[in-house]
Amino acid sequence: MIHKLLFITFLVGLSLGTASAQQKPDFSGTWKLNVAKSDFGVLPGPTSRTDVITHKDPALSYTYTAEGPQGKQEGKITYTTDGKEAVNKMGEREIKSTLKWVGSSLVISSKFVFNGNDATGEGTWTLSPDGKTLTINQHYASSLGEVDQKIVLEKQEAAAPATPKP
Numbered sequence: 005m006i007h008k009l010l011f012i013t014f015l016v017g018l019s020l021g022t023a024s025a026q027q028k029p030d031f032s033g034t035w036k037l038n039v040a041k042s043d044f045g046v047l048p049g050p051t052s053r054t055d056v057i058t059h060k061d062p063a064l065s066y067t068y069t070a071e072g073p074q075g076k077q078e079g080k081i082t083y084t085t086d087g088k089e090a091v092n093k094m095g096e097r098e099i100k101s102t103l104k105w106v107g108s109s110l111v112i113s114s115k116f117v118f119n120g121n122d123a124t125g126e127g128t129w130t131l132s133p134d135g136k137t138l139t140i141n142q143h144y145a146s147s148l149g150e151v152d153q154k155i156v157l158e159k160q161e162a163a164a165p166a167t168p169k170p
């Protein structure tokens, strides 16, 4: 009986040690939308999108440029990953968001008004094991209905420094 108890205690301790040692990913980099791997649901998605993310936990910010049926859209978003509310504007829309880590994924919960209706959004950012693909699974809900989206962004290689001319 004592051996079983010691073994269970060892396993619990091992799993807690592994969980606390789990690294939180760094989302920093330049990311381009892979339209073919993304799914925008019933909403029209962009034909192109580039995000430049700067992430030094707990600070996370990004600039985005997107083009699509709504024309060109650009902006900057800033968050903190410590659960404090962040307020950003996308066009004229004010969005209040909080972020939290769930394992190695970052979950962004947002509230905003869409076409006069209160709406919520939840996005889960997950980085692939090789660090080259950022997948954002979004869920939006309002009195108008619900929609799910999957946005797949691929990391762009950093440009090589220019070789000076003699």
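Numbering (this note's numbering), first residue to last: 5 to 170.
Don't be surprised by glycine CBs; every beta carbon is placed ideally from N, CA and C.
Remember, it's a predicted structure, so these values are computed and weren't measured experimentally.
| Asked | Found |
| --- | --- |
| Taking the straight line between their C-alpha atoms, what separation do you get for LYS41 and ASP134? | 17 Å |
| Rounded to whole angstroms, what is the Cα-Cα separation between TYR66 and LEU157? | 13 Å |
| With DSSP as the reference, identify every bridge partner of GLY127, one or two as the case may be. | ILE112 and GLN142 |
| My output table needs one value for ALA40: the three-state DSSP class, helix, strand or coil. | helix |
| Quick one: is SER101 buried, meaning 16 or more other Cβ sit within 10 Å of its Cβ, or exposed? | buried |
| Rounded to whole angstroms, what's the CA-CA distance from ILE99 to SER146? Just pull it up for me. | 14 Å |
| Would you say TRP105 touches the ligand PLP, meaning its beta carbon is less than 7 Å from a heavy atom? | As presented, the structure is devoid of all ligands, the ligand PLP included, so that no description of it is given. |
| Can you pull the DSSP bridge partners for GLN153? | GLN142 |
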